[in-house]
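Here the structure comes first, spelled out in structure tokens, and everything after it is commentary.
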Amino acid sequence: MPTLVFVESAEGKIKKTSLEAVAYAHALGASVTAIALGAVDTAELESLGKYGAQKVLHVADSKFNQGVIQAYASVLTQALADEKADILVLADSSLGTPVAARVAARTGSSLASNVVSLPDTSAGFVVKRSIYTGKAFANVALNNAKKVISLKKNAAEAKEVGSTASVTPYTVSVPDTDFAVKILSSEKATGEVLLPEANIVVSGGRGMKGPEHWGMLEDLAKVLHAATGCSKPVSDMGWRPHHEHVGQTGVKVAPQLYVAVGISGAIQHLAGVNSSKYIVVINKDAEAPFFKAADYGIVGDAFEVIPKLTEALKAAK
Amino acid sequence: MKILVCITHVPDTTSKINFIESNTKFDPSGVQFIIGPYDDYALARAIELKEAHAGTTVTVLNVGPADTEPTIRKALAIGADDAIRVNAEPADSFFVATQIAEEAKAGNYTLILMGRESIDFNGGVVHGLVGEMLGIPSVSPVMKLELSGTVAKLTREIEGGKEEVEVSLPLVAGCQEPIAEWKIPNMRGIMSARTKPLKVVEPKTADSGVKLHKFELPPPKGAVKMIPADNVAELVNLLKNEAKVI
């Protein structure tokens, strides 16, 4: 019985979190069928084989170029039946998580989102979920034979384990009512590293004193191939767009490295970054609470430290 | 129009999280409970819609035991007309969604609002589950919601940007900032909330085979290594050779 994996793409490329989902499914032991919807490069789909997919279903119909939640849920429900798969794995996202919910309700599956590790199958099927916005974990058993598992970033490592997968065109007829939500337009930052996907994040807070000083953070982000983020006050004041707000009510990031510049470290901000592997804090206030959550800290003026750090990183390359 | 706003009763965002009974239960001692911050945005937008559209009523729904009633009363003080409490522990998202769908159907609500996720279990799935159970669209996370007649125009946040969408009611929406400003109850609201109807109903059974085994806390963080501001080269060295992240 194969495991089905829903993969998402951005600008024609499979998202890194979706590669992690394929690797996660591969680690479950059964064969892996991946499914992608909309315009994706065939070579990209074939390359899913490297991460453990044997077969890739591609729904190329342009109706699916935009992520319509209900329509995607219908396709995945049908694919689970056609593939005789009991388990669906996907990555948490603004599309993936709601789609997971609808598929689970439709198929009567045990559902878990925000999952951070492979299951413990020594007694049943127990997955670990991140709860209380990263402050704790819950180990939950998924007892139904049918399961939908939605993964937090870094739940599995996207390792190369195979070669290429065979790509099969796949068609499903979905009712028009599935397209009741009409997407009129979308705005998306292009060519940048997306914040939820980034391995390194450089964030600025009120200590940056104004949007006109973001250039130096962008320069630092560029040398590090990092995404830029910000604290809530910064997005509230309109210095930066809302989708860059990292924190309890914004984006929760889980990078290898989080660099916080001029952010005091309110608990609501920490809630968005506590899944980071390493945290660097640069703040002129030695008493800033963020230092307690940091691995490395520098007490100093951001306007002096940041350009020097950028130069030092360039020199170290 | 009838709006249903589903709220969670959750520890304040600054709470320290602890567990008791061999890590099988949340420790509520010393914890202040609040309306989930995302739910609070949904509630604030519902009240604005009520003010802008004559004949609109706002009902608040919570799935929880009796000790969530002060949180429900706060939502009434903010301006909801009445409330329903489903008398049960909110065991998992499928269970909670089943109760919401049941009440939404019984009360014929056309707009069902809630937060994009609860800040305790962070599932982010209840709006999708409810939409599916009712066979109606669900949109989340919603940053803006305007109504003209029975058509809703929404802005949905996506990774690295946003989407404008349009859909006819009925609809389930998972909300987040900046859909509305949080509202603070005034004295008149607090007084009137005491006498507003709060109906208690018993839950429907719902089991999707999800069972909690135990909670755990992350391992404690090691001490921070401080680096002098005039020695950024040392930071680069540590990131490269110790953390191995660059």
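First to last, the protein sequences are chains B and X. Position 185 (the first sequence) corresponds to 544 in my numbering; numbering is contiguous. Position 185 (the second sequence) corresponds to 232 in my numbering; numbering is contiguous. Positions of the beta carbon are idealized from the N, C-alpha and C atoms, including for glycine. Given the structure is predicted, the values throughout are model-derived calculations rather than measurements.
If we count the other Cβ atoms within 10 Å of its Cβ and call it buried at 16 or more, is residue i buried or exposed?
{"i": "E98(X)", "result": "exposed"}
{"i": "T197(X)", "result": "exposed"}
{"i": "W598(B)", "result": "buried"}
{"i": "T55(X)", "result": "buried"}
{"i": "Q79(X)", "result": "exposed"}
{"i": "E150(X)", "result": "buried"}
{"i": "E663(B)", "result": "exposed"}
{"i": "T530(B)", "result": "exposed"}
{"i": "R120(X)", "result": "buried"}
{"i": "L264(X)", "result": "exposed"}
{"i": "E136(X)", "result": "exposed"}
{"i": "S62(X)", "result": "buried"}
{"i": "M360(B)", "result": "exposed"}
{"i": "S562(B)", "result": "buried"}
{"i": "K72(X)", "result": "exposed"}
{"i": "I67(X)", "result": "exposed"}
{"i": "M238(X)", "result": "exposed"}
{"i": "H100(X)", "result": "exposed"}
What residues from chain B crowd round residue i, counting only those whose CB sits closer than 8 Å?
{"i": "H174(X)", "result": "P457, A460"}
{"i": "L286(X)", "result": "L616, Y637, V639, Y655"}
So which residues of chain X does residue i contact, with C-beta pairs closer than 8 Å?
{"i": "T608(B)", "result": "P84, Y85, Q223, E224"}
{"i": "G656(B)", "result": "V271, K272, M273, I274"}
{"i": "S453(B)", "result": "S187, P188, R203, E204, I205, E206"}
{"i": "K422(B)", "result": "Residues of chain X passing the Cβ test: none, with the nearest at roughly 15 Å."}
Inspect the beta-carbon positions of residue i and residue j and report whether they are closer than 9 Å.
{"i": "R488(B)", "j": "S468(B)", "result": "no"}
{"i": "G175(X)", "j": "A459(B)", "result": "yes"}
{"i": "I50(X)", "j": "T157(X)", "result": "yes"}
{"i": "I293(X)", "j": "L576(B)", "result": "no"}
{"i": "D537(B)", "j": "A430(B)", "result": "yes"}
{"i": "A497(B)", "j": "K414(B)", "result": "no"}
{"i": "G207(X)", "j": "G171(X)", "result": "no"}
{"i": "S368(B)", "j": "A393(B)", "result": "no"}
{"i": "S452(B)", "j": "P555(B)", "result": "yes"}
{"i": "S406(B)", "j": "G455(B)", "result": "no"}
{"i": "V462(B)", "j": "T436(B)", "result": "yes"}
{"i": "Q146(X)", "j": "V110(X)", "result": "yes"}
{"i": "I559(B)", "j": "K505(B)", "result": "no"}
{"i": "A514(B)", "j": "L553(B)", "result": "no"}
{"i": "D654(B)", "j": "V639(B)", "result": "yes"}
{"i": "L449(B)", "j": "V540(B)", "result": "no"}
{"i": "K636(B)", "j": "V271(X)", "result": "no"}
{"i": "V189(X)", "j": "L181(X)", "result": "no"}
{"i": "K291(X)", "j": "A675(B)", "result": "no"}
{"i": "G631(B)", "j": "G656(B)", "result": "no"}
Please list, in chain order, the chain B residues whose beta carbon lies closer than 7 Å to that of residue i.
{"i": "M161(X)", "result": "Those do not exist, as M161(X) stays about 12 Å from chain B at its closest Cβ, beyond 7 Å."}
{"i": "G208(X)", "result": "S545, E546, K547, A548, H602"}
{"i": "N169(X)", "result": "N473, S489, I490, T492"}
{"i": "H260(X)", "result": "V485, N498, V499, A500"}
{"i": "G256(X)", "result": "S469, L501, N502, N503"}
{"i": "V279(X)", "result": "V664, K667, L668, A671"}
Taking 8 Å as the cut-off, is the C-beta of residue i nearer than that to any heavy atom in the ligand SAH?
{"i": "V427(B)", "result": "Ligands in the displayed structure: none, and consequently the ligand SAH is not present."}
Which residues of chain B have a Cβ atom closer than 9 Å to the Cβ of residue i, listed in chain order?
{"i": "T61(X)", "result": "A625, I626, Q627"}
{"i": "V292(X)", "result": "N558, I559, P614, Q615, L616, K636, Y637"}
{"i": "S215(X)", "result": "A539"}
{"i": "L264(X)", "result": "K494, A495, F496"}
Closer than 7 Å by beta-carbon distance: list the chain X residues that pair up with residue i, in chain order.
{"i": "G659(B)", "result": "A276"}
{"i": "V542(B)", "result": "One point to set straight first is that residue 542(B) is Ile, not Val, in the sequence displayed. Going along chain X in sequence order, the residues near I542(B) (Cβ under 7 Å) are E210, V212."}
{"i": "F650(B)", "result": "V271"}
At a CB-CB cut-off below 9 Å, which residues of chain X make contact with residue i?
{"i": "I428(B)", "result": "G175, G178, P184, S185, V186, S187"}
Beta strand (DSSP E) runs wholly inside the stretch 199-270 of chain X, at least 3 long, in chain order: 208-215, 218-222, 245-248, 257-263
Minimum length 3: unbroken beta strand (DSSP E) runs contained in the stretch 399-449 of chain B: 414-418
Every unbroken alpha helix (DSSP H) within the stretch 440-501 of chain B, with a cutoff of 4 residues, ordered by chain: 455-466
Those runs of the alpha helix (DSSP H) which lie wholly inside the stretch 552-589 of chain B and span at least 4 residues: 573-583
Against chain B: residues of the stretch 101-115 of chain X by CB proximity under 8 Å: none
Under 8 Å (Cβ pairs) to chain X, residues found in the stretch 565-583 of chain B: L583
Against chain B: residues of the stretch 174-207 of chain X by CB proximity under 9 Å: H174, G175, L176, V177, G178, E179, M180, G182, I183, P184, S185, V186, S187, P188, M190, K200, L201, R203, E204, I205, E206, G207
Interface residues of the stretch 627-648 of chain B facing chain X [CB-CB below 8 Å]: Q627, A630, N633, K636, Y637, V639, V640
Chain-ordered residues of the stretch 127-145 of chain X with a beta carbon less than 9 Å from chain B: D139, S140, F141, A144
Interface residues of the stretch 513-525 of chain B facing chain X [CB-CB below 7 Å]: none
Minimum length 4: unbroken alpha helix (DSSP H) runs contained in the stretch 129-157 of chain X: 140-154
Beta strand (DSSP E) runs contained entirely in the stretch 501-532 of chain B, provided each spans 3 or more residues: 506-510, 525-528
Start-end ranges of the alpha helix (DSSP H) lying completely within the stretch 623-651 of chain B, minimum 4 residues: 626-632
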